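Chains C and A, in that order, give the protein sequences.
Convert by adding 1 to the 1-based position in the first sequence; the result is the number in the numbering used here.
Convert by adding 22 to the 1-based position in the second sequence; the result is the number in the numbering used here.
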Amino acid sequence: MFFNSIAFAIFLPIVFFLYWFVFNKTKSTQNALLIIASYYFYSCWDWRFLFLLVFSTFLDYYTGIQIEKGKSEKSRKFWFWLSIIVNLGFLGIFKYYNFFASSFSDLLNSAGIKASPILLNVILPVGISFYTFHGLSYVIDIYYKRIKAEYNFVDYSLFVSYFPLLVAGPIERATHLLPQVKVKREFNFETAKEGVYQIIWGLVKKVVIADTCATYANAIFDHYTSMNSFSLIMGAIYFAFQIYGDFSGYSDIALGVSKLFGLDLLRNFNYPYFSRDIAEFWRRWHISLSSWFRDYLYIPLGGSKGGLWMKIRNTFIIFVVSGFWHGANWTYVVWGFINAVYFLPLLLSNSNRNNMDAIVLKWNFDSAKVIMSILYTFLLTCIAWVFFRASTITDAFSYLKRIITDRHFGSQYLENERYNYELLLLIGVFVLVEWNNRNKVEPLSGKKSLLKLSLAIAAILAFGTYSDYKEFIYFQF
Amino acid sequence: MKRFLIFTGKIILITILISVVLDGIYTAIFMRSKDRGKIETVFNSKAENYDVVILGSSRANNHFIPQMFQDKGLKTFNYGMSAAHLFEASLMLKLMVERKWKIKNVIVEADLNLAIGHRSKPISSKFLPYIHNSTVIRDHFQDEESFNEMYYLPFYRYIKYDSKIGFREAFFTLIHKRTNALENLGFYPLQKNKNGNMKNNIVKLNPLPHNKSYEEIKSICKANNINLIAVMTPMCENVKGMDYFDKVKKAYPEIHNYENAVTDDKYFSSCGHMSDEGAKIFTARILKDFFNK
């Protein structure tokens with residue numbers, strides 16, 4: 002059940018009605034309903050993996066309590082590592098086993114040793130990377146005594162399985178969500194209204210921007226050997242907007258839906274393409290994952306405390322691991338590595354925290370510099386996205402090489418029966434709307450909201466792409 | 023909560039209103055379309071006289087050269103459409119009759135498409151803008167999947183088939199941007215393609231014993247005194263399951279088998295589609311066999 006499906010459009014009002022009108026007596030009834038709804042939502046993909054989700058929930062719930070109760074450090078450690086190993090074990094088996102087996106076999110074959118890998122015939126359970134990280138952060142926080150273990154299984158289950166964030170995040174923290182589910186929610190009109198605005202804007206991003214860009218990006222990437230330089234450049238830009246619209250659109254809908262139930266989720270995107278350097282980009286892109294890696298990997302590795310070499314090493318580790326988190330393919334690893342390389346000059350010059358302030362433009366030279374730095378950062382991200390989108394690393398290099406060597410910048414008719422330049426106007430308008438509203442969560446609220454809402458609905462109906470339907474990209478991670 | 027329900031109600035109302043307005047605008051635009059495609063042209067036409075009308079899929083569109091008919095004094099147009107099934111060919115003929123066209127002969131390409139009983143969604147979607155303006159179209163789609171949504175939900179059909187009748191197509195129709203669909207009297211010539219796929223496997227293909235759309239075409243022609251010439255058109259040399267054409271002949275004896283009229287691969291652009299040169303040979307043969315006065 003996708004957020005942009007008819008099934009979800011029926012599911013959501015039913016759950017909303019039951020939540021506020023039938024199960025609204027206590028927080029327990031509210032939570033129970035949300036868990037039932039979440040499990041139903043998840044089982045719409047594949048009910049068999051529901052057992053995995055329930056098992057993972059129970060494991061972290063139980064080990065969390067045992068860690069807290071543990072009288073000796075040895076016992077605490079035992080339960081802690083049990084949770085970590087089982088959680089990562091599941092992730093490893095379902096997500097990475099086949100990749101490692103075939104990579105290892107390729108390595109042996111290239112060394113002249115004949116090997117054929119034993120591969121598992123399993124599909125990747127939807128959202129496993131997300132709910133595993135929920136559970137991990139919870140157990141780690143208990144182990145380091147940052148939070149108390151949750152003894153109410155229903156409340157804890159909701160923290161892990163809450164349907165708006167279950168399959169593609171944001172990756173929540175126990176410190177943020179658990180306190181909210183422990184109290185009865187009261188309906189608040191303004192919050193719910195904000196939620197609706199966010200849902201509608203998320204839909205604009207998904208069906209108008211992401212899915213439309215996808216038809217062009219796919220046509221270009223899938224036939225890149227016959228594309229000219231201009232098409233290839235456009236392909237990278239279209240993919241940049243596809244993945245942004247897709248994932249931030251999903252996050253907006255998730256946050257908006259959650260607001261309808263009175264629960265606030267972590268913000269995941271903050272207009273990342275208006276970043277002035279790559280460090281700022283990573284403070285604005287998939288914020289919940291970046292901060293997860295910062296708190297649970299970068300800092301435990303020593304963070305920036307151990308001198309320059311340590312900082313560089315840790316930065317490369319988190320970017321490469323982050324790339325690998327996205328998928329079992331070397332292209333993601335290289336994508337992560339490239340971002341670490343982009344980060345390096347900022348680290349060496351100690352300027353990775355330079356652009357913490359809001360962007361203000363005026364008619365002066367400094368503003369021109371800001372615009373240039375935004376464009377430069379966008380260019381860097383587009384180059385990295387080529388690796389993210391390409392099927393292989395060789396394809397990615399060939400794609401980039403062809404941009405430079407082809408040197409034809411004319412219009413080109415693509416496989417999707419469209420010209421390569423046709424989406425430029427749509428993207429331009431989208432960027433302008435986002436730029437003018439960069440200090441808000443979404444652009445629809447505020448003055449003339451009814452008019453803006455009507456325009457957004459008209460855009461969803463008239464400019465959306467439906468017949469060439471695309472799943473949310475981040476579901477595969 | 024009451025305020026929220028009113029707010030949600032407003033959004034639903036706005037959505038319905040916008041859908042109705044957009045539906046009206048798009049439909050009005052397509053109602054004025056004449057120079058973009060064959061379906062639009064037929065729908066918006068008035069009574070016309072034709073000696074020969076050609077119907078079918080790309081294997082009609084790329085294989086019959088109307089100019090060669092015209093040179094013989096036969097007013098002809100090729101209404102074959104790439105990716106169309108007999109469902110669309112039948113509907114085209116119904117529309118022509120509804121518009122009181124006087125047609126002496128209909129040539130319908132009936133071969134591989136006899137194995138398909140359903141509509142071609144991308145092609146049939148081009149009829150949908152007119153669903154409220156033509157009883158023929160409405161009735162033709164009556165038993166189709168999602169008919170109720172397409173008919174009763176405003177703008178639904180434009181959303182469902184946005185790549186064919188969505189904003190882009192409506193915009194180009196509005197500005198009268200021409201396509202090449204109507205050039206060469208509807209014939210689309212193909213060039214010899216060095217990389218064309220010259221193999222085909224139709225072993226699993228079987229003609230439906232009673233293809234509803236084909237039977238419709240037959241009865242429309244009979245009811246309107248139109249001479250129906252149903253033909254199977256050529257395939258390349260390397261086809262597995264060539265007995266398909268015998269099966270067609272057995273099920274529909276009135277269909278003329280021209281599968282062997284052109285066989286040499288040099289006359290093909292791909293296995294199921296002849297090049298311009300092949301089309302010339304094939305059309306000459308059809309003219310000789312059916313229109314040799």
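Ideal Cβ placement from N, Cα and C applies to all residues, glycine included.
Please read all numbers here as calculations on a predicted model, not as lab measurements.
In whole angstroms, what separates the C-alpha of I242/A from that of Y173/A? 25 Å
Would you check if there are 3 or more beta carbon pairs closer than 8 Å linking the stretch 216-225 of chain C to the stretch 413-425 of chain C? Because the criterion of three Cβ pairs below 8 Å is met, the stretch 216-225 of chain C and the stretch 413-425 of chain C touch.
Going by the CB atoms, is the gap between L125/C and F95/C shorter than 7 Å? Contact: yes.
With distances taken Cα to Cα, identify the nearest neighbour of V130/A among E259/A, Y101/A, S168/A, I181/A. Y101/A
Using alpha carbons as the reference points, say which of K402/C, F18/C, A8/C lies closest to F231/C. K402/C
Run of the alpha helix (DSSP H) containing I318/C, from where it starts to where it stops: Per DSSP, I318/C belongs to the alpha helix (DSSP H) from 308-327.
Enumerate, from N- to C-terminal direction, the unbroken alpha helix (DSSP H) stretches of 4 or more residues contained entirely within the stretch 232-298 of chain C. The qualifying runs are 279-285, 288-294.
Using a Cβ-Cβ cut-off of 7 Å, state whether F12/C counts as contacting chain A. No, F12/C does not count as interfacial toward chain A.
Beta carbon of A283/A nearer than 7 Å to that of R307/A: yes
State the CB to CB distance for the pair T37/A and I458/C, rounded to an integer number of angstroms; the pair is presumed to be in contact (CB under 8 Å). 5 Å
Three or more beta-carbon pairs under 8 Å between the stretch 21-35 of chain C and the stretch 179-189 of chain C, yes or no? yes
Buried or exposed: which applies to M357/C, given that a residue is buried once 16 or more other Cβ atoms fall within 10 Å of its Cβ? exposed
Which term fits T195/A, buried or exposed, when burial requires 16 or more other beta carbons within 10 angstroms of its beta carbon? buried
Residues of chain C with a CB under 7 Å from the CB of M23/A: which are they? Per Cβ cutoff of 7 Å: W21, F188.
Considering only their Cβ atoms, is the gap separating G31/A from A203/A smaller than 7 Å? No, these two residues do not count as a Cβ contact at 7 Å.
Along chain A, in chain order, which residues have C-beta atoms closer than 8 Å to that of L454/C? I33, I36
Give me the chain C residues within the contact set of L134/A, using Cβ-Cβ distance strictly less than 8 Å, ordered along the chain. What L134/A touches in chain C: nothing, since even the nearest Cβ is about 23 Å away.
Can you tell me whether Q1/C is buried or exposed, with buried defined as 16 or more other CB within 10 angstroms of its CB? Nothing can be reported for residue 1/C: it is not among the residues displayed for chain C, which extend from 2 to 478.
Per DSSP, T98/A forms a beta bridge with which residues? DSSP lists V74/A as the bridge partner or partners of T98/A.
Is F464/C close to chain A? Criterion is C-beta to C-beta, closer than 7 Å. yes
Helix or strand or just coil, what does DSSP make of M264/A? Three-state DSSP puts M264/A in coil, outside helix and strand.
Through-space distance from C45/C to F9/C, alpha-carbon basis: 11 Å
Can you give me the start and stop residues for the alpha helix (DSSP H) that M172/A sits inside? Unbroken alpha helix (DSSP H) run through M172/A: 169-174.
When DSSP labels each residue in this structure, what does K122/A get in the three-state scheme? coil
To the nearest angstrom, how far is it from the Cα of F12/C to the Cα of I251/A? 53 Å
Short CB-CB distance (under 7 Å) between F189/A and chain C: True, the Cβ-Cβ gap to chain C drops below 7 Å.
First and last residue of the beta strand (DSSP E) that includes M254/A? 249-254
Using the beta-carbon of each residue, which ones in chain A are nearer than 8 Å to V197/C? F29, T30, I33
Could you say if the stretch 51-63 of chain C and the stretch 148-167 of chain C meet the contact criterion of at least three C-beta pairs nearer than 8 Å? yes
Would you decide whether L178/C is buried or exposed? Buried here means 16 or more other CB atoms lie within 10 Å of its CB. Burial call: buried.
So F267/A packs on F86/A, CB below 8 Å; how close in whole Å? About 18 Å separates the two Cβ atoms, so there is no contact after all.
Interface flag, I458/C vs chain A, CB-CB below 7 Å: yes
Leaving aside the five residues before and after G136/C along the sequence, list all residues of the same chain whose C-beta is less than 7 Å from its C-beta, in chain order. Result list for G136/C: S57, D61, N88, V161, in chain order.
Report the residue from R390/C, V361/C, W326/C whose alpha carbon sits nearest the alpha carbon of Y239/C. R390/C
Proximal residues to I210/C (C-beta, below 7 Å), its chain only, five neighbours per side dropped: F242, G246, F431
Nearest-angstrom Cα separation, counted from N189/C out to M23/A: Their backbone Cα atoms lie some 8 Å apart in a straight line.
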